[in-house]
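In what follows, a structure is listed as structure tokens, so that the remarks can point back to it.
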Amino acid sequence: MNPYTGEILNVKTFSRGDSPDFFRWILNGHRALWLPYDIGRPIVGVAVLIFVVLLISGIVLWWPTKWIKSIIDKSFKIKWDASFKRVNYDMHNVFGFYSRIFLFFIAITGLVWSFGWWSKSLYWITSGGKPLTESRESPKSDTTNVKTFNITTADKVLLNLRKENPQVAGIMISIPGKPADPIGAFVYKQRHTFYNMDRYSFDQQSLKEISIKTPFSGKYIEANIPDKIRRMNYDIHVGSVLGLTGKIIAFLASLISASLPITGFIIWWGKQKFGKKKPAAKPKVASKAIPVPKLKNTAEQEITA
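Taking the working numbering, I'd label the letters of the sequence shown as residues 1178 to 1482.
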């Protein structure tokens, strides 16, 4: 679109699976293994559930039997000057311990997009037993007094939100396509974060705010605790809830996560190869010793004689 005249210069329409965007392609693999979402998403979800079980069982295996210095050093430090087998074991054991808490939160937040029952259960736990109210139905504008939509109406929404939020990182306005569609507005408080975003819906004729009962609607500061946690789900998943530092931590934890199957397989292979007991050698049968009579010396023989 020409930014000065508004003239549309080119139009391309892509489905979610056919988009040529590299990061969309990566996202499709991450969420559904490049399969149709109805097939791939449950496969990824089951794998992540198994991963959560492995994290829990791993910490049980890691737990020191005795909290003495020699055992604690093995649990928290890598002995780099040891043999390859020992270094590999330490990398699996120690790196897995340090990354486990971050990997746990990455995993349980990722399951929200895989299973509806997990999403509802997680909200039920964080809200103290309240059910999740999340409707896919979008808010509607009043159509009893339909007029031709005027683009300046969206400009008014933008200007009003700018006055109310002078320090925000960005504001996005969605233009209604149908008479019943509202004007959508998204106010981003910080760059690269989404959880503290304010989300509004306005009637396209009267500009009256339309409220809907979902965890993501309205102002973040006015949301209750479980709704705030639900808004944080994506930012926790990618680490951006802690800013750039959190994203770096999430990256390193994910890198360690990718190494755990490799180091774990090497540990398993070593046990298969070297852990087999050698067959016990047959005991050698000692030959019976023939008693040799003790001979008297010549002098004794002569005296005896």
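Heads up, the beta-carbon is just placed ideally off N, CA and C, and yes, glycines get one too.
Model, not experiment: these values are computed from the prediction.
Item: Cβ contact (3+ pairs, closer than 8 Å) linking the segment 1284-1298 and the segment 1220-1227; Value: yes
Item: Residue interval of the beta strand (DSSP E) (run including ASP1215); Value: From DSSP, ASP1215 is part of no beta strand (DSSP E) but of the alpha helix (DSSP H) over 1214-1239.
Item: 8 Å contact criterion, which GLN1382 and PRO1353 should meet: CB distance rounded; Value: Between PRO1353 and GLN1382 the Cβ distance is about 10 Å, and since that is not below 8 Å, they are no contact.
Item: Sequence-distant residues of its chain with Cβ nearer than 7 Å to ILE1480 (five each side left out); Value: Note that ILE1480 scores a pLDDT of 45, beneath 50, so its modelled location is shaky and nothing firm can be said.
Item: Short Cβ contact (8 Å threshold) for TYR1397 with ARG1407; Value: no
Item: Extent of the continuous alpha helix (DSSP H) run through ARG1277; Value: 1273-1287
Item: Opening and closing residue of the beta strand (DSSP E) in which ALA1362 lies; Value: 1360-1365
Item: Contacting residues, own chain, Cβ-Cβ under 8 Å from ILE1236 (five flanking each side not counted); Value: PHE1274, ARG1277
Item: Limits of the alpha helix (DSSP H) - the one that TYR1372 falls within; Value: Run containing TYR1372: none; DSSP gives neither H nor E here.
Item: Rounded straight-line distance, which links the Cα of ALA1400 to that of ILE1302; Value: 17 Å
Item: Distance, ASP1404 Cα to LYS1307 Cα; Value: 11 Å
Item: Residue burial classification, TYR1266 (beta-carbon count within 10 angstroms, cutoff 16); Value: buried
Item: Range covered by the alpha helix (DSSP H) that runs through SER1252; Value: 1246-1253
Item: PRO1241 to ILE1248 span [Cα, whole Å]; Value: 7 Å
Item: Beta-carbon spacing of LYS1317, PRO1343 below 8 Å; Value: no
Item: GLY1293: first and last residue of the uninterrupted alpha helix (DSSP H) it sits in; Value: 1293-1303
Item: With 16 other Cβ atoms within 10 Å as the buried cut-off, status of LEU1299; Value: buried
Item: Run of the alpha helix (DSSP H) containing ILE1406, from where it starts to where it stops; Value: 1402-1408
Item: ILE1203, enclosing alpha helix (DSSP H) - first and last residue; Value: 1199-1209
Item: Terminal residues of the alpha helix (DSSP H) in which ILE1328 lies; Value: 1328-1341
Item: From ILE1443, ASP1412, TRP1294, PHE1272, residue whose alpha carbon lies closest to that of LEU1429; Value: PHE1272
Item: DSSP beta-bridge partners of SER1351; Value: GLY1361
Item: Best match in ILE1444, SER1436, ILE1443 for proximity to LEU1280 [C-alpha to C-alpha]; Value: SER1436
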